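Quick notes on the structure that follows.
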Amino acid sequence: MDSSDDEGEEYLFKVVIIGDSAVGKSNLLSRYARNEFNMHSKATIGVEFQTQSMEIDGKEVKAQIWDTAGQERFRAVTSAYYRGAVGALIVYDISRGTTFDSVSRWLEELNTHSETTVARMLVGNKCDLDNIRGVSVEDGKKLAEKNGLFFMETSALDSTNVKMAFEMVIKEIYNNVS
Ligand code: GDP
Ligand code: MG
C-alpha cells in the first residue's frame, strides 16, 4: 500500500494463480487482463505478472496478478512466487479429475507459504467443456466449503465468470485490509 499519492490512498494487492499444468491459469489471466485467449498457449511462455485495476468504494484498487509461467510442471513453484500474496485462485480443470485431486496439495503449499490472511477462491475452469465434465459442480462446492474458499466455475475460452472470479477475490482482500 502506498499513501504518498496526492489523490489519497492507493491499494496494490498481490494475487497468485496456482493449480496443475494446463488447467488454464495463463489464459484466465490473459482473459481478465487483456481479454485475450490462446488455444495453443505453451506452458513455458508467460509473463511474471499483470496489473489490473478496479474501483472499490470510489478508490482505485490495483491487483498484481502472478502467473507461474510453467514452473508447476516441475513441482517447483518457488517461495518467491507466494511471498506477499494476499489473494489466490486455486484452479482445476472440470474435464480432468486428476487436476481436482491436486487441489488439496496446492492448498497445503499455499498455507505453508502464507504469512497473512489470504483471500482464496477455488476455480473450476473450462466449464465450456460441460459435455466431457469429470468433476461435478457439487463436488467443487463441497471442497470449497470444507476449506472455507469461495467457489466459481469459469471459462477462459468463452469468458464465463472470469472477471467475476478475479473481482470477488480482490474485493475480499480489500475487505480484509480495510
Ligand atoms: P496453464 O498451464 O494452467 O497456464 O494453462 P493454459 O492457460 O496454458 O491452458 C492450457 C490449455 O487449455 C490451452 O490449450 C488453452 O487453450 C486451454 N484452455 C484454457 N482455458 C480454457 C477454457 O476455459 N476452456 C477450454 N476449452 N480450454 C481452455
Ligand atoms: Mg501457464
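Under UniProt numbering, residues 1 to 178 are what the sequence shown spells out, in order. Backbone N, C-alpha and C define an ideal beta-carbon position, used for all residues, glycine too. Since the structure is predicted, the reported quantities are computational estimates derived from the model, not experimental observations.
Backbone secondary structure at residue i - three-state DSSP
i	result
D5	Here D5 scores only 49 on pLDDT, less than 50, and its place in the model should not be relied on; the value that follows carries that caveat. Reduced to three states, the DSSP call for D5 is coil.
S53	strand
K171	helix
E10	strand
N125	strand
residue 179	Since the first and last residues shown for the chain are 1 and 178, residue 179 lies out of range.
F150	strand
E60	strand
L157	coil
A22	coil
S104	helix
G134	coil
G70	coil
DSSP beta-bridge partners of residue i
i	result
R120	A88
V15	I65, G87
D93	N125
Cβ-Cβ distance between residue i and residue j below 8 Å
i	j	result
G58	K126	no
Q64	L28	no
F151	L110	no
Best match in the options for proximity to residue i [C-alpha to C-alpha]
i	options	result
D93	N175, E167, L157	L157
E115	K62, L129, I18, G87	G87
W106	A69, E48, V91, N161	V91
heavy atom of the ligand GDP below 7 Å from residue i C-beta
i	result
D128	yes
A33	no
V23	yes
H40	yes
N125	yes
Residue i Cβ short of 7 Å to the ligand MG heavy atom set
i	result
A69	yes
S79	no
residue 179	Shown here, the chain extends from 1 to 178; a query on residue 179 therefore has no answer.
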